[in-house]
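Residue numbers (the numbering used here), protein chains in the order written: chain A, 469 to 617; chain B, 469 to 617. Note that beta-carbon positions come from the ideal geometry of N, C-alpha and C, so glycine has one too. Scroll down for the structure; my scribbles are underneath it.
Number of protein chains: 2
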Amino acid sequence: MHLSRSRDLAIHGLCCLAAQPNGRLVAAKEMAEVLHARRTYFAKVLQGLAHAGLVQAKRGRLGGYGLARPASEITIADILQAIDVGDRPYPCPGTRGCQTHDLCAIQSIFSSAAETSARQLDTVTLAGLEEGLRTNGGAVHAPWLSAIA
Amino acid sequence: MHLSRSRDLAIHGLCCLAAQPNGRLVAAKEMAEVLHARRTYFAKVLQGLAHAGLVQAKRGRLGGYGLARPASEITIADILQAIDVGDRPYPCPGTRGCQTHDLCAIQSIFSSAAETSARQLDTVTLAGLEEGLRTNGGAVHAPWLSAIA
Chain A
469 MHLSRSRDLA
479 IHGLCCLAAQ
489 PNGRLVAAKE
499 MAEVLHARRT
509 YFAKVLQGLA
519 HAGLVQAKRG
529 RLGGYGLARP
539 ASEITIADIL
549 QAIDVGDRPY
559 PCPGTRGCQT
569 HDLCAIQSIF
579 SSAAETSARQ
589 LDTVTLAGLE
599 EGLRTNGGAV
609 HAPWLSAIA
Chain B
469 MHLSRSRDLA
479 IHGLCCLAAQ
489 PNGRLVAAKE
499 MAEVLHARRT
509 YFAKVLQGLA
519 HAGLVQAKRG
529 RLGGYGLARP
539 ASEITIADIL
549 QAIDVGDRPY
559 PCPGTRGCQT
569 HDLCAIQSIF
579 SSAAETSARQ
589 LDTVTLAGLE
599 EGLRTNGGAV
609 HAPWLSAIA
């Protein structure tokens, strides 16, 4: 499973939200800044996460983005699925005249390996990841994690 | 584990060799043709496979490329390792001022998922893949597999 720039931003953005004390909401602009991301690009990532039901926005003076459900109920696989980059486990160039289509044994082997990998990423929660980041440095070593909180 | 164009060609090329009756040698030029690959590009792929001890070349009128060891003793993971495209499970952009380095929990999660995937691909042999391709169509549906044999 390839980690694209947008998926990478999604993971970091969600860790940012998970790290906020008492579920404090954060403005998209603030998050984009600490993550060194372009605001328009990051807005699209947030849109994908909102569409997948992982974050929700509240308007108003104290508004901003927050997790739509507890970090312990969001898995890394959920995040990758939310930001679908249309990658296939085996991107066949389709130039060799094969007519096997779905029966292709190469396709089958790589799909199976990708499924195994996805199943593993479905056992890791956002809460676990955020805790791991804090344990291994946190505020000191990953400034983006606590710059807002 | 991302399947690059060069790794894709390596897998197809090795299946071609595994499919040859009585270990018949095949010229690089012939293989490149049936695989619809540029000859110079494919030559580099073969060079990588030779360097990793998966294929060997014999010179002379009846020379060409053949497997350096039985197809049952070559795994898909061996092939991917032979054609190292320098991909990392988690390509951190390195722009967020983190000092966690090897301790990064995101890096750790994706490395672990990639290792699981690699372990699975290490249980599938070239012989098994070639048999799978033949079973699901073979000569009729994957013309590149038997165009030379």
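So, helix, strand or coil for residue 522/B, using DSSP?
-> Coil.
Is it buried or exposed for residue 513/B, if we count other Cβ within 10 angstroms and need 16 for buried?
-> buried
Between which two residues does the alpha helix (DSSP H) harbouring residue 485/B extend?
-> Looking at the DSSP string, the run of the alpha helix (DSSP H) that includes residue 485/B is 473-486.
What are the complete beta strand (DSSP E) segments, minimum 3 residues, inside the stretch 489-544 of chain B?
-> Restricted to the stretch 489-544 of chain B, the beta strand (DSSP E) segments that are unbroken, complete and at least 3 residues in length are 523-526 and 532-535, listed in chain order.
Partners in chain A for residue 488/B, counting only beta-carbon separations shorter than 8 Å | In chain order: nothing, as chain A lies at least about 17 Å away.
Is DSSP giving residue 603/A helix, strand or coil here?
-> helix
Determine the direct distance from the alpha carbon of residue 598/A to that of residue 562/B, and round the result to whole angstroms.
-> 18 Å
Identify every run of the alpha helix (DSSP H) within the stretch 540-594 of chain A, keeping only runs that are complete inside it and at least 4 residues long; order them along the chain.
-> 544-550 and 573-589
So, helix, strand or coil for residue 614/A, using DSSP?
-> Residue 614/A: helix per DSSP, three-state reduction.
Would you call the stretch 549-569 of chain B and the stretch 543-559 of chain A touching, i.e. three or more CB-CB distances under 8 Å?
-> no
Can you find a CB in chain A that lies within less than 7 Å of the CB of residue 588/B?
-> yes
For residue 491/B, I'd like the list of residues in its chain whose CB is within less than 8 Å of its CB, leaving aside the five on either flank, ordered along the chain.
-> Cβ neighbours of residue 491/B within its own chain (closer than 8 Å, five residues either side excluded): 534 and 535.
C-alpha distance - residue 503/B paired with residue 483/B, whole-angstrom precision | 11 Å
Residue-chain proximity (residue 584/B, chain A), Cβ-Cβ < 7 Å = Cβ-Cβ to chain A under 7 Å: yes for residue 584/B.
Compare the Cα-Cα distances from residue 596/B to each of 556/B, 498/B, 487/B and 521/B and report the closest residue.
-> 487/B
Using the C-alpha atoms, what's the distance from residue 560/A back to residue 501/A?
-> 38 Å
When the Cα atoms are used, what is the spatial distance from residue 589/A to residue 529/B?
-> Distance between residue 589/A and residue 529/B, taken at the CA atoms: about 52 Å.
Rounded C-alpha distance that separates residue 497/A from residue 507/A = Rounded to the nearest whole angstrom, the CA to CA distance from residue 497/A to residue 507/A is 6 Å.
Would you mind working out which of 574/A, 480/A and 586/A sits nearest residue 615/A, comparing C-alpha positions?
-> Of the candidates 574/A, 480/A and 586/A, the one whose C-alpha sits nearest the C-alpha of residue 615/A is 480/A.
Leaving out the 5 sequence neighbours to the left and right, which residues in its chain are closer than 7 Å to residue 601/A when beta-carbon positions are compared?
-> Correct list, in chain order: 483, 610 and 613.
Alpha-carbon spacing of residue 574/A relative to residue 493/A, whole angstroms | Residue 574/A and residue 493/A have their C-alpha atoms roughly 46 Å apart.
Interface partners of residue 510/B on chain A, CB under 8 Å = Simply none; closest approach about 13 Å.
Is the beta carbon of residue 554/B less than 7 Å from the beta carbon of residue 495/B?
-> no
When burial is assigned at 16 or more other CB atoms within 10 Å of the CB, is residue 478/A buried or exposed?
-> buried
In whole angstroms, what separates the C-alpha of residue 580/B from that of residue 577/A?
-> 19 Å
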